[in-house]
Amino acid sequence: ETGVTQTPRHLVMGMTNKKSLKCEQHLGHNAMYWYKQSAKKPLELMFVYNFKEQTENNSVPSRFSPECPNSSHLFLHLHTLQPEDSALYLCASSLTFHDRRETQYFGPGTRLLVL
Amino acid sequence: GNSVTQMEGPVTLSEEAFLTINCTYTATGYPSLFWYVQYPGEGLQLLLKATKADDKGSNKGFEATYRKETTSFHLEKGSVQVSDSAVYFCALITQGGSEKLVFGKGTKLTVNP
């Protein structure tokens, strides 16, 4: 248990569906992250929020839409996804974004399958 | 740009064998280095880290030493257990640059009884 929870753990959706992934951290951190983990590829950073403000968007397609209503919660809204978007989506948090000594703590991930 | 290169897996060992997983990096500035572990069906967990040259990170019998001269951070364990079967990721983050955590591709370790 890392203090970062994600729901749902598994999700199957069609290409026309709209769904949302939720991440919650109980660590008092101020920075939160979304990563994508695909088979045989390094983890890809998607978005970074620092004190609720988006500071990074790594050229992610607009069919992924993040939302950070407060420092403890992070959402990833999904719509009109493609089969190649099937992956494990990991949420992480850290105390701050700008200190390289800070550790990122990861949630268990949401396994997404797009049909 | 920053990058991490890990030895290709999978690695299969017998219980109590010695483990080394190689990791080298390229980075601007002075990175912090990390090893994360991902057990089957779970997210990533920090295993150990080192924030400056010659630091040794250690946890659960695993060790890695930050070698600036060889830009390496190899993971070692003297005697592996079946419960160590997982995927291991080497990662770095720099300050004053992109400040993003950059991961290697991961090395899958299977330990047989």
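Protein chains in written order, with my numbering: chain A, 569 to 683; chain B, 5 to 117.
Idealized CB from N, CA, C, for every residue including glycine.
Just so it is clear, the structure is predicted and the values come from calculations on it, not from any experiment.
Below-8 Å beta-carbon distance, residue i vs any chain A residue
i      : result
B:L113 : no
B:K72  : no
B:S36  : yes
B:K64  : no
B:F107 : yes
B:G5   : no
Residue i in three-state terms, based on DSSP
i      : result
A:S654 : coil
B:V86  : helix
B:S43  : Contrary to the premise, residue 43 of chain B reads as Tyr rather than Ser in this sequence. In the structure shown, B:Y43 sits in coil (DSSP, three-state: anything other than H, G, I, E or B).
A:P634 : strand
B:N116 : strand
B:T28  : strand
B:Y70  : coil
A:N625 : strand
Residue i at chain B interface by Cβ criterion, 8 Å
i      : result
A:L658 : yes
A:K620 : no
Alpha-carbon to alpha-carbon, residue j and residue i
i      : j      : result
A:M581 : A:C636 : 23 Å
A:W602 : B:Q10  : 23 Å
B:Q49  : A:K586 : 30 Å
B:T55  : B:A31  : 13 Å
B:L52  : A:M600 : 21 Å
A:Q622 : B:E19  : 46 Å
Pair within 8 Å by beta-carbon distance, residue i and residue j
i      : j      : result
A:K604 : A:A655 : yes
B:T82  : B:C27  : Per the sequence shown, residue 82 of chain B should be read as Gly rather than Thr. In this structure, B:C27 does not lie closer than 8 Å to B:G82 by Cβ.
B:A90  : B:Y43  : yes
B:V84  : B:L23  : yes
Same chain, Cβ closer than 7 Å to residue i, neighbours up to 5 away in sequence not counted
i      : result
A:N598 : N618, F619, S639, L663, T664
Close Cβ partners of residue i (< 6 Å) along its chain, the five nearest in sequence each way excluded
i      : result
A:R679 : H578, L656
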